[in-house]
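> Protein sequences, first through last, are from chains Z and Y. Yeah, the first sequence ends on 255 if you go by the working numbering, and it's all consecutive. Yeah, the second sequence ends on 1255 if you go by the working numbering, and it's all consecutive.
There are 2 protein chains.
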Amino acid sequence: MSEANFVNEEESARPADEARGPGRRLHGAIAHKLGTAILSGKYAPGDILSGEVAFAEELQVSRSAYREAIQVLTAKGLVASRPKAGTRVLPRDRWNLLDPEVLGWAFAGEPDIEFVRSLFELRAIVEPAAARLAAQRRDKDDLKAMKEALTAMRRHTLTTEAGRAADRDFHNAILQATRNDALLVLSASIGAAVNWTTQFKQRARALPRNPIPDHVRVYDAIAAGDAAGAAEAMNVLVDLALEDTRTAMGQPDGV
Amino acid sequence: MSEANFVNEEESARPADEARGPGRRLHGAIAHKLGTAILSGKYAPGDILSGEVAFAEELQVSRSAYREAIQVLTAKGLVASRPKAGTRVLPRDRWNLLDPEVLGWAFAGEPDIEFVRSLFELRAIVEPAAARLAAQRRDKDDLKAMKEALTAMRRHTLTTEAGRAADRDFHNAILQATRNDALLVLSASIGAAVNWTTQFKQRARALPRNPIPDHVRVYDAIAAGDAAGAAEAMNVLVDLALEDTRTAMGQPDGV
DNA sequence: CTCCCTATTTACTCCGACATATTCCGAGCG
DNA sequence: CGCTCGGAATATGTCGGAGTAAATAGGGAG
């Protein structure tokens, strides 16, 4: 009955909140600190975070707080602890890289170019297929959400946070219209990567193209129920984004 | 303060030691219990797990153990706790459904048919594209791993756990050959779903086709570097699997 | 009578000490 | 010389209490 009220986790009120803080709770802050340290390579797989007591003492927190932070990292597959053996960083393939929080840690410092490429490749695979499904399954509410996101994108530009949020909303609405939970979960991961790269491109003064017409083409195809057209239009969109990103990053290595 | 040196003594000595059972640790067991309860729908989104103390008392464990279990669930996006408000189950779209542990909880009881369909749809999207990339990027070691998995599949059948493991190895080798971390993470999720459904189909006496030739076709195309052929062969494979699953599930009168 | 401000209550958060279990390492024995 | 047993070290599990933030209730003003 109070279903409309459980959304507040991080005070979504004003634009003053910058990009999901390090964690309001203490153990959240510790987890953030350790997580970024691991993702940035400061602790390599196989390394040992020696000494529960030593670490807690160095961070000036109690063992409980440190323990709960380790619990979070363990849940995300970053570390594993065994009695006497200590807490060691697991190999990369055990990491839950699609976890939104892990993704945030990965983008907190200087993210690995290869990893960003991976995410965009995943996006290039998933989003056209999602657009195809959305064209077949969307209903009126889905289209309404997409249209609203489009108008918001027109009003603000991609240089503002509001504009990027509208962009995310548009793609999210498409994922939502696929009626596929597994796909929907990917939106957070992809959205984070896209968001970061758009900001990156903006810093690099490399936002020449107007993305609106491409988005409109996708919308039109989905609204018309044209599955193949929607997939193709989305393909164009992600290909352009991939190309832009590649040039902005200074990767001369074309495919 | 980086103690990154005195590490690799027994690092690769034991390949897979931890993370076996549902939870050897106490808080792991609690998390498993609560996780399956949430995934099975016993606790719906918006519900409140009232009372840290009450719950800890009911489960006959200390508050710390319960708290660490809650911490795990929080890390996976299943719940969120706030002072005074209690610990409430988050809406489904916040759940980290691709987390291997969450997936395990989802398949612990009677998994939601819609969710299984979602996973197979995701697989049908991702795996052909992965096969295409693998055909372009595989090296000798990748091909060797695939070949070994294939011979193992021939020796055992899909009715045995060893055979299913070989199947997973084959698909995993393809994902590995894409050189894409983001795709690789999905293998665990997809593998779990596929594994469950093969067992399900076996129980329903619905394993008519010999899957080996289809797998061989995929292997040949990847080995030949034929990107389009690999994608198409994999497409056939997943389509057949999807069809089999659909028919097997269409008959609730299986066992 | 309605609205807003304050106070109380409630439940999470953090803490440090204690008890237990497991592992590593070395001493003693066959 | 190799094996086994026992002690030491370290991580896990437990406990109760102090602190803090938030929601609800109650009182006062308009």
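Each residue gets a CB set at the ideal place from its N, CA and C atoms; glycine is no exception.
(1) Just the C-alpha distance for Thr245 (chain Z) and Ile113 (chain Z), rounded to the nearest angstrom, thanks.
(2) Leaving aside the five residues before and after Arg154 (chain Z) along the sequence, list all residues of the same chain whose C-beta is less than 8 Å from its C-beta, in chain order.
(3) Do you know whose CA, among Y:Asn1210, Y:Pro1091, Y:His1032, Y:Leu1103, lies nearest Ile1070 (chain Y)'s CA?
(4) Are the beta-carbon atoms of Leu237 (chain Z) and Asp220 (chain Z) separated by less than 8 Å?
(5) Does Thr160 (chain Z) pass the burial test, meaning 16 or more other C-beta atoms within 10 Å, or should it be called exposed?
(6) Using C-beta distances below 6 Å, list every residue in its chain close to Gly225 (chain Z), excluding the 5 sequence neighbours before and after it, in chain order.
(7) Please identify the residue among Z:His27, Z:Ala37, Z:Leu49, Z:Ser50 whose C-alpha is closest to the C-alpha of Val61 (chain Z).
(8) Can you find a C-beta in chain Z that's less than 8 Å from the C-beta of Glu1243 (chain Y)?
(9) Could you tell me the alpha carbon to alpha carbon distance between Asn195 (chain Z) and Arg164 (chain Z), rounded to whole angstroms?
(10) Can you tell me where the beta strand (DSSP E) with Val1079 (chain Y) in it begins and where it stops?
(11) Using a beta-carbon distance cut-off of less than 7 Å, what residues from the region 1105-1122 of chain Y approach chain Z?
(12) Quick check on this structure: which residue in Y:Pro1083, Y:Ala1152, Y:Thr1247, Y:Asn1235 has the alpha carbon closest to the alpha carbon of Leu1122 (chain Y)?
(13) Tell me which residues share the same chain as Ala166 (chain Z) and place their Cβ nearer than 6 Å to its Cβ, disregarding the 5 neighbours each side in the sequence.
(14) Report the option in Z:Glu232, Z:Arg25, Z:Ala231, Z:Arg67 whose CA atom is closest to the CA atom of Arg1082 (chain Y).
(15) Measure the CB-CB distance between Leu1143 (chain Y) and Thr1178 (chain Y) and report whether it falls below 8 Å.
(16) So for Leu1034 (chain Y), helix, strand or coil by DSSP?
(17) Quick one: Cα of Asp1093 (chain Y) to Cα of Asp181 (chain Z), how far?
(18) What would DSSP say about Ala241 (chain Z), mapped onto helix, strand or coil?
(19) To which residues of the same chain is Phe115 (chain Z) closer than 6 Å at the C-beta, ignoring the five residues directly before and after it?
(20) So, with DSSP's three-state summary, where would you put Val185 (chain Z)?
(21) Count the other C-beta atoms from every protein chain shown that fall within 10 angstroms of the C-beta of Lys1076 (chain Y), then say buried if there are 16 or more, exposed otherwise.
(22) So, under 8 Å CB-CB, Tyr66 (chain Z) and Ile38 (chain Z) are touching, yes? Tell me the CB distance rounded to an integer number of Å.
(23) Below 8 Å between beta carbons: does that hold for Ala188 (chain Z) and Pro100 (chain Z)?
(24) Here's a check: name, in chain order, each residue in its chain whose Cβ is nearer than 8 Å to the Cβ of Leu102 (chain Z), leaving out the five neighbours to either side.
(25) For Ala241 (chain Z), which residues in the same chain have their Cβ closer than 6 Å to its Cβ, ignoring the five residues on either side in sequence?
(26) Find out if the Cβ-Cβ distance for the pair Lys201 (chain Z), Ala248 (chain Z) is shorter than 8 Å.
(27) Can you tell which of Z:Lys147, Z:Arg63, Z:Ser50 has its C-alpha closest to the C-alpha of Ala173 (chain Z)?
(28) Can you find a C-beta in chain Z that's less than 8 Å from the C-beta of Glu1068 (chain Y)?
(29) Determine the DSSP secondary structure at Met1249 (chain Y), reduced to helix, strand or coil.
(30) Along the chain, which unbroken stretches of the alpha helix (DSSP H) at least 4 residues long are found entirely within the region 1043-1116 of chain Y?
(31) For Gly1021 (chain Y), count neighbouring Cβ atoms within 10 angstroms of its own Cβ and tell me buried if that reaches 16, exposed if not.
(32) Can you check whether the C-beta of Arg92 (chain Z) is within less than 8 Å of a C-beta belonging to chain Y?
(33) Taking Ala1054 (chain Y) as the reference, give the member of Y:Tyr1043, Y:Gly1046, Y:Thr1087 with the closest Cα.
(34) Against chain Z, which members of the region 1171-1195 of chain Y pass a CB distance test of less than 7 Å?
(35) For a cutoff of 8 Å on Cβ pairs, would you count Gln71 (chain Z) as touching chain Y?
(36) Tell me the residue span of the alpha helix (DSSP H) that contains Arg168 (chain Z).
The answer reads as follows:
(1) 11 Å
(2) Ile212
(3) Y:His1032
(4) no
(5) exposed
(6) Ala135
(7) Z:His27
(8) no
(9) 7 Å
(10) 1079-1082
(11) Phe1115, Ser1118, Leu1119, Glu1121, Leu1122
(12) Y:Asn1235
(13) Ala149, Ala152, Met153
(14) Z:Arg25
(15) no
(16) helix
(17) 7 Å
(18) helix
(19) none
(20) helix
(21) buried
(22) So it is not a contact: roughly 15 Å between Cβ atoms.
(23) yes
(24) The sequence given here places Val at residue 102 (chain Z); Leu does not occur at that position. Cβ neighbours of Val102 (chain Z) beyond the five flanking positions: Gly35, Leu39, Lys76, Leu78, Trp95, Asn96.
(25) none
(26) yes
(27) Z:Lys147
(28) yes
(29) helix
(30) 1052-1058, 1063-1075, 1100-1106
(31) At Gly1021 (chain Y), the pLDDT of 41 sits below 50, so the modelled position is not reliable; the number obtained from the coordinates is stated separately. Under this definition Gly1021 (chain Y) is an exposed residue.
(32) yes
(33) Y:Thr1087
(34) Asn1180, Asp1181, Ala1182, Leu1183, Leu1184, Val1185
(35) yes
(36) 161-177
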